[in-house]
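Residue numbering for the sequence shown follows my numbering, beginning at 56 and increasing consecutively.
Just so you know, even glycine gets a beta-carbon here, dropped at the ideal spot from N, CA and C.
One structure is given here, and the rest of the page talks about it.
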Amino acid sequence: MATPVNLSLLERLDLIPAHLSLVSSALYHAISGPFRGQSGAYTYKHHITHAVVRKMLARYSTLQLQYSSPTFSQLYDQWAAKNKVTPNKVRLSTGTEAFWVGDPKADYVVIYYHGGGFSLEGGAEHFQFWGNDVLSDLKSAGKSVAFLFLQYTLVPHGTYPVQVTEAIEGLRYVTQDLKRSADTILLGGDSAGGNMALAVLSQALHPSPDLPKVYIDKPLKGLVLIAPWVRFVHQTESVANNKYKDIVTAEVAEVWSSGYLAGKETSPYIEPGTADASWWKDAPVEHIVCVAGRDELLFDAITEWVGKYKSVNGPESITFVIGEHEVHIAPLIELRLGDTTPTQQGEAIKSCWTRRGAFSSGELPRFKFLRQAASTASSSSKRSLSKLGEIAAWPPSAARANRNKNKKGGVRKSSIRLAPPALQPRRLLESPIPSVVDPDDQDLHSISAQYFRAFPLESLQSSNEEEENDGGEEGTESEADTLLNIVAASDPRGAGAAAHL
Numbered sequence: 056m057a058t059p060v061n062l063s064l065l066e067r068l069d070l071i072p073a074h075l076s077l078v079s080s081a082l083y084h085a086i087s088g089p090f091r092g093q094s095g096a097y098t099y100k101h102h103i104t105h106a107v108v109r110k111m112l113a114r115y116s117t118l119q120l121q122y123s124s125p126t127f128s129q130l131y132d133q134w135a136a137k138n139k140v141t142p143n144k145v146r147l148s149t150g151t152e153a154f155w156v157g158d159p160k161a162d163y164v165v166i167y168y169h170g171g172g173f174s175l176e177g178g179a180e181h182f183q184f185w186g187n188d189v190l191s192d193l194k195s196a197g198k199s200v201a202f203l204f205l206q207y208t209l210v211p212h213g214t215y216p217v218q219v220t221e222a223i224e225g226l227r228y229v230t231q232d233l234k235r236s237a238d239t240i241l242l243g244g245d246s247a248g249g250n251m252a253l254a255v256l257s258q259a260l261h262p263s264p265d266l267p268k269v270y271i272d273k274p275l276k277g278l279v280l281i282a283p284w285v286r287f288v289h290q291t292e293s294v295a296n297n298k299y300k301d302i303v304t305a306e307v308a309e310v311w312s313s314g315y316l317a318g319k320e321t322s323p324y325i326e327p328g329t330a331d332a333s334w335w336k337d338a339p340v341e342h343i344v345c346v347a348g349r350d351e352l353l354f355d356a357i358t359e360w361v362g363k364y365k366s367v368n369g370p371e372s373i374t375f376v377i378g379e380h381e382v383h384i385a386p387l388i389e390l391r392l393g394d395t396t397p398t399q400q401g402e403a404i405k406s407c408w409t410r411r412g413a414f415s416s417g418e419l420p421r422f423k424f425l426r427q428a429a430s431t432a433s434s435s436s437k438r439s440l441s442k443l444g445e446i447a448a449w450p451p452s453a454a455r456a457n458r459n460k461n462k463k464g465g466v467r468k469s470s471i472r473l474a475p476p477a478l479q480p481r482r483l484l485e486s487p488i489p490s491v492v493d494p495d496d497q498d499l500h501s502i503s504a505q506y507f508r509a510f511p512l513e514s515l516q517s518s519n520e521e522e523e524n525d526g527g528e529e530g531t532e533s534e535a536d537t538l539l540n541i542v543a544a545s546d547p548r549g550a551g552a553a554a555h556l
């Protein structure tokens, strides 16, 4: 629920030097970027843009940030006008406003909680990513899905348990007012929104007197989490190593979490990562999809939580995908920063939603980040990168046996099988879904290898056209492996296992 923000005269005047600080930060990092070394962002552009975001979040107060931004409701109206759709808003019993994207009578509904440290509004990027990119893929795949975005109360206008109460009310509205079964409902969220989705799941498992009861007739269809904020104060290697890569700082996270707690003691309803593994046993959800960036502060905390959840519910209960060289909520923040290059996390989310999704055509992905990496590799690495079919096969040695070396017009086509049947998970809107990405599995050979092992398509055959006429000499797997390796692979222990209900 949006609350009008009024700044004092001094606070408004302070916006002038605050704006100038962003310019100076951009200039400084533009100059220092070439010398950033391993401690800085992966690309020069991201070194600058991420630094500016860090500066903005640290320099502006929470109220100044809210004052300077349109409300989530206003952004929804703008998105609807741009896309020529009729806005469909509802007001819940708590006074919370919610916005529909898609037909409320769709087969599946995703209740989505935006991120922002419980303190910032959702952005236009939420509607662009989910309402345009993901929804268009779903429609193309014949999947009937709608999204319900909540505009929940922000800190300091409300503190815990207000936000979780409103999140539960969103679920109650869909189950009771719309009379939907829980197995047609998914909860989604990024960062603080992911925290709220897990809080709703905790309340369904272990009802707290501080929160409304969660009434569901069956397990939820799924949870989709983008970098869930599972721990507030947690000193880990990723916090130390990624402080000059990520978009947020530990100090800003401390301010936001303190405001959310407002003096209350923490608990698993507030910090999901503090719960023991046993807390999550028999969680009433068919499957969870979680993505995170290797270069974000929360990476270690998220990985730890995924391990806990998997340990009690089985490797088939959760799919975890890690985007190499990507930061916190990369699929969303990069759009906000004007970078439309597909992110590894974003493409993983799109792929996991449909059986006939982004890669059903059999074409291996050739994203910009692949091409950029290849441009800096040696000639042997470039040859290895161009032969994605060879690298992507599982096991790696099977690629050579499966390649079809027929040449026509100087173009060689390769026919590969990306994964054995035991490692082929179904998509999120199918059941069961025996898939997990294990961050400890080091037996990977490239971005495509990890990616398709995370979300392989059944008996996928690829005709990968290569711009080579060299007679089929094998490409060597050298620094391309290090350059493009993403630690995320399907856990073989999940083979043949039934999905946890």
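Contact under 8 Å by Cβ, residue 299 with residue 76
Locating residue 299 in the sequence shown gives position 244, counting from the first residue. Locating residue 76 in the sequence shown gives position 21, counting from the first residue. It is not a contact, given that the beta carbons lie outside the stated cut-off.
In chain order, what residues of the same chain lie with their CB nearer than 6 Å to the CB of residue 186, ignoring the 5 residues before and after it?
Position 131 of the sequence shown, counted from the start, is the residue given in the question as residue 186. Only 156 meet the Cβ criterion.
Same chain only: Cβ atoms within 7 Å of residue 61, ignoring 5 sequence neighbours per side
Translated into the one-based positions of the sequence shown, residue 61 becomes position 6. Within the same chain, residue 61 has no close Cβ partners at all.
Separation of residue 345 from residue 488, as counted between CA atoms:
Locating residue 488 in the sequence shown gives position 433, where the first residue counts as 1. Locating residue 345 in the sequence shown gives position 290, where the first residue counts as 1. Confidence is the limiting factor: at residue 488 the pLDDT is only 30, short of 50, which leaves the residue's position unreliable, though a coordinate-based value still follows. Going from the Cα of residue 488 to the Cα of residue 345 covers about 14 Å.
Own chain partners of residue 172 with C-beta closer than 6 Å, once the 5 adjacent residues on each side are dropped:
Counting from one through the sequence shown, the residue named residue 172 turns up at place 117. 247, 311.
Considering only residues of the same chain and omitting the five flanking positions on each side of residue 122, which have a CB-CB separation below 7 Å?
Here the question's residue 122 lines up with position 67 in the sequence shown. Contacts found: 60, 62.
Residue range of the unbroken beta strand (DSSP E) whose run includes residue 245:
For the purposes of this step, residue 245 is identified with residue 190 of the sequence shown, where counting begins at 1. Per DSSP, residue 245 belongs to the beta strand (DSSP E) from 240-245.
Indicate whether residue 271 and residue 259 have their beta-carbon atoms separated by less than 8 Å.
Here the question's residue 271 lines up with position 216 in the sequence shown. Here the question's residue 259 lines up with position 204 in the sequence shown. In contact: residue 271 and residue 259 (Cβ atoms closer than 8 Å).
Only counting the same chain, and skipping five residues up and downstream in sequence, which positions put a Cβ closer than 7 Å to that of residue 71?
Numbered from 1 along the sequence shown, position 16 holds the residue referred to as residue 71. Cβ neighbours of residue 71 beyond the five flanking positions: none.
Could you pull out every residue in the same chain whose Cβ sits closer than 6 Å to the Cβ of residue 249, ignoring the five residues on either side in sequence?
Taking the sequence shown and counting its residues from 1, one reaches residue 249 at position 194. For residue 249, where only same-chain residues beyond five positions count, the Cβ hits under 6 Å are 280, 283.
Helix, strand or coil: which one does DSSP assign to residue 375?
Counted from its first residue, the sequence shown places residue 375 at position 320. It is a strand residue.
For the beta strand (DSSP E) containing residue 152, name the first residue and the last one.
Here residue 152 refers to the residue found at position 97 when the sequence shown is read from its first residue. 152-156 is the span of the beta strand (DSSP E), which, as asked, contains residue 152.
For the putative contact between residue 229 and residue 166, defined by C-beta atoms under 8 Å, what is the C-beta separation to the nearest angstrom?
In the sequence shown, residue 229 corresponds to position 174, counting from 1. In the sequence shown, residue 166 corresponds to position 111, counting from 1. Indeed, because the Cβ distance is near 6 Å, the residues count as touching under 8 Å.
Measuring straight from C-alpha to C-alpha, what distance separates residue 325 and residue 215?
For this step, residue 325 is matched to residue 270 along the sequence shown. For this step, residue 215 is matched to residue 160 along the sequence shown. Straight-line Cα distance between these residues: approximately 8 Å.
Do you know offhand how far residue 96's Cα is from residue 264's?
Here the question's residue 96 lines up with position 41 in the sequence shown. Here the question's residue 264 lines up with position 209 in the sequence shown. Pairing residue 96 with residue 264, the inter-Cα distance amounts to about 44 Å.
Nonlocal neighbours in the same chain, by C-beta distance under 8 Å from residue 588, ignoring five residues either side:
Residue coverage of the chain in this structure runs from 56 to 556, which leaves residue 588 outside it and unanswerable.
Should residue 301 be flagged as near chain C, meaning a C-beta pair shorter than 8 Å?
Looking for chain C here will not work: only one protein chain is present.
Entirely enclosed alpha helix (DSSP H) segments - the segment 94-149, minimum 4 residues:
Within the segment 94-149, the alpha helix (DSSP H) runs of at least 4 residues that lie entirely inside it are, in chain order, 99-114, 117-123, 127-137.
Candidates 367, 318, 321: closest to residue 338 by CA position
Here the question's residue 338 lines up with position 283 in the sequence shown. Measuring from the Cα of residue 338, the nearest candidate turns out to be 367.
Would you tell me roughly how many angstroms separate the C-alpha atoms of residue 358 and residue 378, rounded to the nearest one?
Along the sequence shown, read from residue 1 onward, the residue named residue 358 stands at position 303. Along the sequence shown, read from residue 1 onward, the residue named residue 378 stands at position 323. Approximately 13 Å between the Cα atoms of the pair.
Closest by C-alpha distance to residue 68, when choosing among 89, 162, 119:
The sequence position of residue 68 within the sequence shown is 13, counting from 1. Checked all of 89, 162, 119; the closest Cα to residue 68 is 119.
Pull up the distance between the alpha-carbon of residue 498 and that of residue 116, whole angstroms please.
Taking the first residue of the sequence shown as 1, we reach residue 498 at position 443. Taking the first residue of the sequence shown as 1, we reach residue 116 at position 61. Model confidence at residue 498 stands at a pLDDT of 35, short of 50, so the residue's coordinates are unreliable; what they give is reported in the following sentence. About 45 Å.
CA nearest to the CA of residue 170, picked from 113, 383, 111
The count along the sequence shown starts at 1 and reaches residue 170 at position 115. Cα-wise, what sits closest to residue 170 is 383.
Mind checking who residue 166 pairs with in its DSSP beta bridge?
Reading the sequence shown from its first residue, position 111 is the one you call residue 166. Residue pairing for residue 166: DSSP places it in a beta bridge opposite 203, 242.
What's the gap between the Cα of residue 285 and the Cα of residue 355?
Within the sequence shown, residue 285 is the residue found at index 230, counting from 1. Within the sequence shown, residue 355 is the residue found at index 300, counting from 1. Taking the straight line from one Cα to the other gives about 10 Å.
Could you check where the beta strand (DSSP E) with residue 280 kicks off and where it finishes?
Start at 1 with the first residue of the sequence shown, and residue 280 comes out as number 225. It spans 277-281 - the beta strand (DSSP E) in which residue 280 sits, taken as one unbroken run.
Pair within 8 Å by beta-carbon distance, residue 363 and residue 335:
As a working note, residue 363 is residue 308 in the sequence shown. As a working note, residue 335 is residue 280 in the sequence shown. Judged by beta-carbon spacing, residue 335 lies within the 8 Å limit of residue 363, meaning their Cβ atoms are closer than that value.
Which residues in the same chain have their Cβ closer than 6 Å to the Cβ of residue 317, if we skip the five residues on either side of it in sequence?
Here residue 317 is taken as the residue at index 262 of the sequence shown, counted from 1. Cβ within range, chain order: 214.
Counting C-beta neighbours from all protein chains within 10 Å, is the total for residue 474 16 or more, i.e. buried, or is it exposed?
Within the sequence shown, numbered from 1, the residue matching residue 474 stands at position 419. Below a pLDDT of 50, predicted positions are generally treated as unreliable, and residue 474, at 33, falls in that range; the measurement from the model is reported next regardless. Label assigned to residue 474: buried.
Out of 390, 227, 252, state which residue places its alpha-carbon closest to the alpha-carbon of residue 147.
Taking the first residue of the sequence shown as position 1, residue 147 is located at position 92. Between residue 147 and the set 390, 227, 252, the nearest pair of CA atoms involves 227.
Does the beta-carbon of residue 370 have 16 or more other beta-carbons within 10 angstroms, so that it is buried, or is it exposed?
Taking the sequence shown and counting its residues from 1, the one referred to as residue 370 is at position 315. Looking at its Cβ environment, which holds 16 or more other Cβ atoms inside 10 Å, residue 370 is buried.
Can you tell me the Cα-Cα spacing of residue 127 and residue 206, whole angstroms?
Position 72 of the sequence shown, counted from the first residue, corresponds to residue 127. Position 151 of the sequence shown, counted from the first residue, corresponds to residue 206. Linking residue 127 to residue 206 through their CA atoms gives a straight-line distance of about 6 Å.
Out of 108, 107, 89, point me to the one whose CA is closest to residue 99's CA.
Here residue 99 refers to the residue found at position 44 of the sequence shown. Selected option, being the one with the closest Cα: 89.
Would you mind working out which of 252, 235, 236 sits nearest residue 243, comparing C-alpha positions?
Mapped onto the sequence shown, residue 243 falls at position 188. For the residues 252, 235, 236, the minimum Cα distance to residue 243 belongs to 252.
Quick one: is residue 328 buried, meaning 16 or more other Cβ sit within 10 Å of its Cβ, or exposed?
Looking up residue 328 in the sequence shown gives position 273. Per the 10 Å Cβ criterion, buried.
Tell me which residues share the same chain as residue 309 and place their Cβ nearer than 8 Å to its Cβ, disregarding the 5 neighbours each side in the sequence.
Taking the sequence shown and counting its residues from 1, the one referred to as residue 309 is at position 254. Correct list, in chain order: 287, 288.
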